[in-house]
Amino acid sequence: PAANNAPANNSNANTAKPTAAAPTVDALMAMEKAANEAWIKGDTKHFEGMLDEKFVSFEGGQRMTKAEMIKMLGSFKCDVKDGWKLEEPQMAKINDDTYAMTYKTTMDGTCTMDGKSMKMPSPTRATSVWIRNGDKWNGVFHAETPVIDPKAPAPAAPPAKEEPKKDEAKKEEPKKDDKAAANSNSNAAPAAPAKPTPSASTEALVKAHTAGWEAFKAKDAKYFEANLASGFAFVDPIGGYHATKAEAIKGWTETMKCEGITKVSVTDGFSTAISPTVELLTLKGTADGKCDGQPNGPLFQTAFYVKEGDAWKLAFMFEAPPMPGA
């Protein structure tokens, strides 16, 4: 019938939600610059809109959520001289909706928190991971690590804390009545937000990541060929950036001269599902022995895994050493 020739889908023609265009290096670096300016000014509102609800920061073994990061940013003040720089941008695709932006920061300044002033490390290698949310891009991860000259001596550890003397009187424990009185006021403040829980894939990803450390110990290039995503890139513990899968494999299995590695381990694994096919795993990896003449030890790693079929493949990784004395 002629009446059926009318376009039936016009009512749905404009219902599709706008989608953010694929990012460019310039576009992501503009957002990085805006974030750094907001950080210097202590503008927490900027981060409330910029950070994804699943945001994770992982530095020095400390994992922070969006709320914890914003609270920390609002608790200190920074004085940064003009002329700070964001240089050497490198963009890595994790999947169509997730990109890592890595760059070198150079800043001269200090930050004050709890009355204590500390000089900012510079230069550092920073990585932010951005995820597509409809018509915009939001930050889902950020971390920085100092750029270290491998030939320079390791920084000295701070002096160890003095242990209390044996004859010192121990502080008296509060009495039960005192504890009860303190607890009677426990409802005066709002309850703390619930802590995040690891994703259901955490155990499988820790197992996969442990196998990667075993492959590093064995210099098993075939394992990495099969289990790294084609666009794999990573930041190493001294702030170096490795842009290709081939470069990473050659470094781990040929260039890096290691000896005496008899055991490796992965602990403190905690994964967050960024999307159905991308997981953000934070962990501490450890090896004994030496590499390039330096003793091995713990490394804090953030690993982005992408699901390809039924397999999880490592697509991007950020590594950082413990802080001196930690």
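Those letters in the sequence shown? Residues 17 to 342, per my numbering, in order.
Note that the Cβ used here is the ideal one computed from N, Cα and C, for glycine as well.
Predicted, not measured: the structure shown is a model, and the values here were computed from it.
If the criterion is Cβ atoms closer than 9 Å, does the pair residue i and residue j meet it?
| i | j | result |
| --- | --- | --- |
| K306 | A245 | no |
| I290 | F320 | yes |
| H62 | A51 | yes |
| K101 | T81 | no |
| Y403 | R141 | No information on residue 403 is available, as it lies outside the stretch 17 to 342 that the chain covers here. |
| E241 | I265 | yes |
| T298 | N312 | no |
| A210 | E75 | no |
| R79 | D112 | no |
| T260 | G150 | no |
| K77 | D284 | Correcting the residue identity first, residue 77 is Gly in this sequence and not Lys. The answer is yes: Cβ separation under 9 Å. |
| H258 | G247 | no |
| L44 | N154 | no |
For residue i, is the classification buried or exposed, using 16 other Cβ atoms within 10 angstroms of its Cβ as the cut-off for buried?
| i | result |
| --- | --- |
| E9 | Given that the chain is displayed from residue 17 to residue 342, the structure contains no residue 9 and the question cannot be resolved. |
| S287 | buried |
| S1 | Coverage of the chain is limited to positions 17 through 342, which leaves residue 1 absent and any answer about it impossible. |
| A216 | exposed |
| A37 | exposed |
| Q317 | buried |
| A262 | exposed |
| V280 | buried |
| T161 | buried |
| A336 | buried |
| V251 | buried |
| E48 | buried |
| A331 | buried |
Here's a check: name, in chain order, each residue in its chain whose Cβ is nearer than 6 Å to the Cβ of residue i, leaving out the five neighbours to either side.
| i | result |
| --- | --- |
| Y239 | A231 |
| G325 | none |
| M123 | V96, W100, M136, S138 |
| E103 | K120 |
| P214 | F286, S287 |
| K235 | T269 |
| A54 | H62 |
| P152 | Reading off the sequence, residue 152 comes out as Lys, not Pro. Same-chain partners within the cutoff: A36. |
Ordered along the chain, which non-local residues of its own chain (more than five positions away) have a Cβ less than 7 Å from that of residue i?
| i | result |
| --- | --- |
| I164 | I254, G255 |
| K323 | T293 |
| T128 | F92, K93 |
| V282 | V222, H225, T226, W229, L299, G301 |
| V41 | P105, M107 |
Please list, in chain order, all residues of the same chain as residue i whose beta carbon is under 8 Å from its beta carbon, the five residues on each side excluded.
| i | result |
| --- | --- |
| E184 | Low confidence applies here, because E184 scores a pLDDT of 43, under 50, leaving its location unreliable; read the following figure in that light. Cβ within range, chain order: n/a, list empty. |
| M134 | T126, C127, T128 |
| A220 | W328 |
| V72 | R79, M80, T81, V156, F157, T288, L296, T298, T318 |
| D308 | P166, M272, K273, C274 |
| G90 | G58, T60 |
| G276 | D304, G305, K306 |
| K33 | G150, D151 |
Exercise for review: At 3 residues or longer, and completely inside the stretch 239 to 283: list those beta strand (DSSP E) runs for me, N to C.
Suggested key: 244 to 251
Review point. In chain order, which alpha helix (DSSP H) runs of at least 4 residues are fully inside the stretch 109 to 153?
Key: none
Practice item. Kindly provide the ranges of any alpha helix (DSSP H) runs that are 4 or more residues long and lie completely inside the stretch 48 to 115, ordered along the chain. Key: 60 to 66, 82 to 89
Practice item. Write down every uninterrupted run of the alpha helix (DSSP H) in the stretch 206 to 239 whose length is 4 residues or greater and which is fully enclosed by it, in chain order. Key: 218 to 234
Practice item. May I ask you to verify whether the stretch 70 to 90 touches the stretch 105 to 112, counting CB pairs closer than 8 Å and requiring at least 3? Key: no
Review point. Considering only residues of the stretch 284 to 339, which uninterrupted beta strand (DSSP E) runs meet the minimum length of 3 residues and lie entirely inside it, listed in chain order?
Key: 294 to 303, 314 to 324, 327 to 336
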